[in-house]
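Chain order of the listed sequences is A and B. Using UniProt numbering, you'd call the opening residue of the first sequence number 1 and step up by one each time. Using UniProt numbering, you'd call the opening residue of the second sequence number 1 and step up by one each time. All C-beta atoms in this analysis are idealised placements derived from N, C-alpha and C, irrespective of residue type, glycine included. Just so you know, these numbers come straight off a predicted model, no measurement behind them. Please read the structure below before turning to the comments.
There are 2 protein chains.
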Amino acid sequence: MPRVSAEYRQARRDEIARAALRVLERKGVRDTSIADIVAESGLSTGAIYSHFTNKGELARYIVSEFMLPRLDAIAASAEVRAPRQIIELMLAATIENGISPAVILQFWAEGSMPGEIRDELLRTIVKLRSALAAALLPWARQRTADEEEAAALAYARTVDVAAVAQGFISNEAIFGTRSPQEYLTAVEQILA
Amino acid sequence: MPRVSAEYRQARRDEIARAALRVLERKGVRDTSIADIVAESGLSTGAIYSHFTNKGELARYIVSEFMLPRLDAIAASAEVRAPRQIIELMLAATIENGISPAVILQFWAEGSMPGEIRDELLRTIVKLRSALAAALLPWARQRTADEEEAAALAYARTVDVAAVAQGFISNEAIFGTRSPQEYLTAVEQILA
DNA sequence: ACCTGAACACCGTTCAAGT
DNA sequence: ACCTGAACACCGTTCAAGT
Numbered sequence: 001m002p003r004v005s006a007e008y009r010q011a012r013r014d015e016i017a018r019a020a021l022r023v024l025e026r027k028g029v030r031d032t033s034i035a036d037i038v039a040e041s042g043l044s045t046g047a048i049y050s051h052f053t054n055k056g057e058l059a060r061y062i063v064s065e066f067m068l069p070r071l072d073a074i075a076a077s078a079e080v081r082a083p084r085q086i087i088e089l090m091l092a093a094t095i096e097n098g099i100s101p102a103v104i105l106q107f108w109a110e111g112s113m114p115g116e117i118r119d120e121l122l123r124t125i126v127k128l129r130s131a132l133a134a135a136l137l138p139w140a141r142q143r144t145a146d147e148e149e150a151a152a153l154a155y156a157r158t159v160d161v162a163a164v165a166q167g168f169i170s171n172e173a174i175f176g177t178r179s180p181q182e183y184l185t186a187v188e189q190i191l192a
Numbered sequence: 001m002p003r004v005s006a007e008y009r010q011a012r013r014d015e016i017a018r019a020a021l022r023v024l025e026r027k028g029v030r031d032t033s034i035a036d037i038v039a040e041s042g043l044s045t046g047a048i049y050s051h052f053t054n055k056g057e058l059a060r061y062i063v064s065e066f067m068l069p070r071l072d073a074i075a076a077s078a079e080v081r082a083p084r085q086i087i088e089l090m091l092a093a094t095i096e097n098g099i100s101p102a103v104i105l106q107f108w109a110e111g112s113m114p115g116e117i118r119d120e121l122l123r124t125i126v127k128l129r130s131a132l133a134a135a136l137l138p139w140a141r142q143r144t145a146d147e148e149e150a151a152a153l154a155y156a157r158t159v160d161v162a163a164v165a166q167g168f169i170s171n172e173a174i175f176g177t178r179s180p181q182e183y184l185t186a187v188e189q190i191l192a
């Protein structure tokens, strides 16, 4: 039985995860040790392990809570926005989120191999795709009168929106020089 | 003084690196231990360390020798190829190379943080850009009569060619479902 | 010089004991 | 239940000894 409230536990997990993220930004995934997170959080080893079963569960928590931008506001809006605008809003939200493209890329890399990080990443992407589909729906409705067709069109485009955003983050993580707009225009022109 | 020839040493380093790559494909960067490479190569720990000063130097060797496709044939050709064709050839060469997008992404992720892997990756990319510029030169010459301008145009476009290829590899590493052509067409259409 | 493999240091994890 | 921190197991690296 929990002696403290669910809110306390949640706040503690969040506190640990944010301490971990500060270390991750400085040292990267490979060089971040539990000892670092212990030092950064001001807690003890055992305290960390009483909130996360192991390092992997902490990593999964970070993926599910911090790796993707919140698109609720964009998804809830009835404004008509073309896929390209949605990509720009998504990238702006990601940048504003404060997690560096480098750290994001390191978690994606971990998610490219089978395992729990991959499972968590794919689950989180499913949620992102729902938000993107909602954001694209007004645009899709302008292209077809049939509501079912519009929903299908919006959902189909989420893959490509996500792919382009992923390309920008990858590029930014290593070269980190261009604005989303510059990147998108360059990619568009080179493929024409 | 080396008791064995430079060729022997080179072959031995290559043998160790290829053993490492086989393990990397199976287990990923994070879970590949020196013990794994020792087992896979059939050598001893000390033997590995007599050819590479440490795990990091082995990683740098893999980056410089195996992470980017050989574009010599494409670069040497006088054939006129648009940037998009160059991207397709580059991706075909990468796939043929046998290193999975997942392993490539893991090394890129490592290269997104300051350090020796990043330095090695950027050096290797400089070489790739030279090859890409040569491959793009016939196309650039068709767009301008001035030779210097053509060279500048070809070189400027290498950044964007590399960025799009990077987008494909990142996407492939996590979702791994589309052909380069399908990916490029989808990205082009979503940005239009 | 190249190689062997045991020894050492460090990091993730556990667990007996405290509140 | 939450937390402490010492103890344990494992992995990267070293090094005395072999050829």
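Residue range of the alpha helix (DSSP H) that includes residue i
i      : result
A:L43  : A:L43 -> no alpha helix (DSSP H), and no H or E assigned at all.
A:G111 : P101 to G111
B:N54  : First-last for B:N54: undefined, no H or E at that position.
B:D31  : That residue, B:D31, is in no alpha helix (DSSP H); it is neither H nor E in DSSP.
A:N171 : E147 to I174
B:S130 : E116 to R143
A:R84  : P83 to E96
A:P180 : P180 to L191
B:A78  : Element bounds for B:A78: n/a, residue is neither H nor E.
Residue-chain proximity (residue i, chain B), Cβ-Cβ < 8 Å
i      : result
A:N171 : yes
A:V63  : no
A:E110 : yes
A:V126 : no
A:E188 : yes
A:R12  : no
A:Q106 : yes
A:R143 : no
A:R30  : yes
A:E182 : no
A:R22  : no
A:G98  : no
Chain A within 8 Å of residue i, Cβ atoms only
i      : result
B:S5   : no
B:V164 : yes
B:P83  : yes
B:D160 : yes
B:M113 : yes
B:M1   : At B:M1, the pLDDT of 47 sits below 50, so the modelled position is not reliable and the matter cannot be decided from this model.
B:A135 : no
B:I174 : yes
B:A192 : yes
B:A102 : yes
B:G56  : no
B:G46  : no
B:R157 : yes
B:G167 : yes
Burial state of residue i, where buried means 16 or more other Cβ atoms lie within 10 Å
i      : result
A:T144 : exposed
B:E172 : buried
B:T32  : buried
A:Q106 : buried
A:L132 : buried
B:Q10  : exposed
B:R157 : buried
A:L122 : exposed
B:Q142 : exposed
A:A186 : buried
A:Q181 : exposed
B:R70  : exposed
B:G167 : buried
B:A150 : buried
A:E120 : buried
B:S5   : exposed
B:S41  : buried
A:T94  : buried
Of the residues the options, the one placed nearest residue i, counting alpha carbons only
i      : options                          : result
B:V80  : B:I190, B:L137 and B:A39         : B:L137
A:L24  : A:E7, A:H51 and A:S100           : A:S100
A:W108 : A:I125, A:G98 and A:T45          : A:I125
A:P159 : B:T94, B:A19, B:L184 and B:R22   : A small fix is needed here, since residue 159 of chain A is Val in this sequence, not Pro. Out of B:T94, B:A19, B:L184 and B:R22, B:L184 has the C-alpha closest to the C-alpha of A:V159.
A:S44  : A:I16, A:E188 and A:Q181         : A:I16
B:I62  : B:V161, B:G111 and B:S179        : B:G111
B:A152 : B:R129, B:L58 and B:V103         : B:R129
B:A134 : B:A75, B:Q189, B:I104 and B:I190 : B:A75
B:R18  : B:K27, B:P114, B:A47 and B:I37   : B:I37
A:L191 : B:V161, B:E57, B:S170 and B:R13  : B:V161
A:K127 : A:A163, A:I87, A:R84 and A:D72   : A:D72
Residue i: CB within 7 Å of a non-hydrogen atom of the ligand MN
i      : result
A:E188 : Of ligands this structure carries none, so the ligand MN is not represented either.
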